[in-house]
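This report concerns only the one structure given below.
In mature numbering (1 follows the signal peptide of the UniProt record, and there is no 0), the protein residues as written are -20 to -1, 1 to 397.
So this is what it looks like as structure tokens:
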């Protein structure tokens, strides 16, 4: 009785849409026999005969089609039944539904494990009338290993990961592992070949200069630019701002020589390094100081300290990236630091005092870049008196001096001329 009621409900739901365009199909966990009876009787209005073995099976169908042209319904229904192992044949206007004969199993995917997406149904078409797209089997995954000839594996992986996912492109030691369809792997290999070229050599020079003539509110970077413009005829380049400017019609060594002849400028460091583009170039003039990284106790309860050596002095990190049209992008991290005795906090560990600038600037090849904005002040106190007189008879004087630190930087592609 319950099966009759359930079948009646399905038939009533389908009868209301017969003849309507489009058709909606919604079956949730319906036995295959019930599905066949409902569709053949209510939708297709066909005379049919169902084999007895279909009534005792446990296969169920779940379908949710929101919109389908009614002309596609017969092929769709027969295709679904065929997937469930039910054959449909027609004799004298009567359709016979029976269990299909076992088909030869595919070596790739056994018949009992096939799904709707795996079956090739020539009669199963798109639910949209304007499209007729055949269902495609899942693409086979391929893996390939690329051995770089000029660039590092990390660099090449980062380039491809901007286009493909990190799962498709990974670096394994010096090599690059590619995963995807055969077409995708072929495209990635072609792209890697075009990117894996010899890196460009970049000549980077850096110098920290202290400017003391800022008593009238002048900025150190402005004082240097005015001096270089007057003495060398240097002109403003591609970068012009209040804290960074670039100069053309000059070179790094001419700038340093001109500043060394003026007592308002004190050269703190002067370094030069040559390296590949897209690689970090480090210039350090200083030393490493032992500091307390962490404290704890050993198994005997004795206090132990983890000592970490930290660099200090003049440090300039530059990562040059050679672009097109004769331009170079510079990732700059420069600092001047020193350690002093700790007054508060961790005992027996010095405190790091540093002035640091970190920026990214794009300049023309060979331009001289001035980066400012690091100013400081120093205060000093002195006392004078005759040694045979009381201290109260002496005189005291206080003085303060302000200064600006300017990073003079130049980057040029080696052998570019």
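We put the beta carbon where it would ideally sit given N, CA and C, even for glycine.
Within the segment 229 to 277, the complete beta strand (DSSP E) runs of at least 3 residues fall at 245 to 256, 261 to 277.
Counting C-beta atoms within 10 angstroms of its own C-beta, residue 19 has 16 or more neighbours from the protein chains shown and is therefore classed as buried. Residue 286 sits in a strand when the DSSP states are folded into three classes.
Residue 58 and residue 152 have their alpha carbons spaced roughly 51 Å apart.
With a 10 Å radius around the Cβ and a threshold of 16 neighbouring Cβ atoms, residue 79 comes out exposed.
In terms of Cβ geometry, residue 64 and residue 40 do not form a close pair [threshold 7 Å].
For residue 134, the enclosing alpha helix (DSSP H) stretches over residues 133 to 141. Pairing residue 125 with residue 149 gives a Cβ-Cβ distance that is not under 7 Å. Excluding sequence positions up to five before and after residue 322, its CB lies within less than 7 Å of the CB of 329, 330, 331, all in the same chain and listed in chain order. In this chain, the alpha helix (DSSP H) harbouring residue 208 covers 200 to 212. In the DSSP assignment, no residue is bridged to residue 73. Residue 282 has its alpha-carbon roughly 49 Å from the corresponding atom of residue 185. DSSP places residue 59 within a helical segment (H, G or I) once states are collapsed to three.
With a 10 Å radius around the Cβ and a threshold of 16 neighbouring Cβ atoms, residue 392 comes out buried. Assigned with DSSP and collapsed to three states, residue 120 falls in coil, not helix or strand. Annotated three-state conformation of residue 39 is coil, per DSSP.
Annotated three-state conformation of residue 46 is strand, per DSSP. No Cβ-Cβ contact shorter than 7 Å links residue 261 with residue 272. The DSSP-derived three-state label of residue 64 is coil. Between residue 122 and residue 162, the gap from beta carbon to beta carbon is short of 7 Å.
Ranked by Cα distance from residue 187, the options 250, 54, 294 are led by 250. Annotation for residue 186: the continuous beta strand (DSSP E) segment containing it runs 181 to 191.
In this structure, the straight-line span from the alpha carbon of residue 146 to that of residue 175 is close to 18 Å. In the structure shown, the three-state DSSP call for residue 24 is coil. Taking residue 349 as reference, the option from 204, 47, 210 with the minimal CA-CA separation is 204. If you draw a straight line from the Cα of residue 130 to the Cα of residue 295, it comes to about 29 Å.
In the structure shown, the three-state DSSP call for residue 152 is strand. Burial check for residue 224: the Cβ neighbour count within 10 Å reaches 16 or more, so the residue is buried.
In the DSSP annotation of this structure, residue 167 is not part of any beta strand (DSSP E); the continuous alpha helix (DSSP H) holding it starts and ends at 162 to 175.
Contact between residue 76 and residue 26 is absent: CB atoms are separated by about 11 Å, not below the 8 Å threshold.
In the three-state scheme derived from DSSP, where H, G and I count as helix and E and B as strand, residue 383 is classed as strand. The continuous stretches of alpha helix (DSSP H) do not include residue 315, which lies in the beta strand (DSSP E) extending over residues 307 to 320.
Rounded to the nearest whole angstrom, the CA to CA distance from residue 215 to residue 284 is 58 Å. Apart from the 5 residues on each side of it in sequence, residue 311 sits with its Cβ closer than 6 Å to the Cβ of 299, 340 in its chain, given in chain order.
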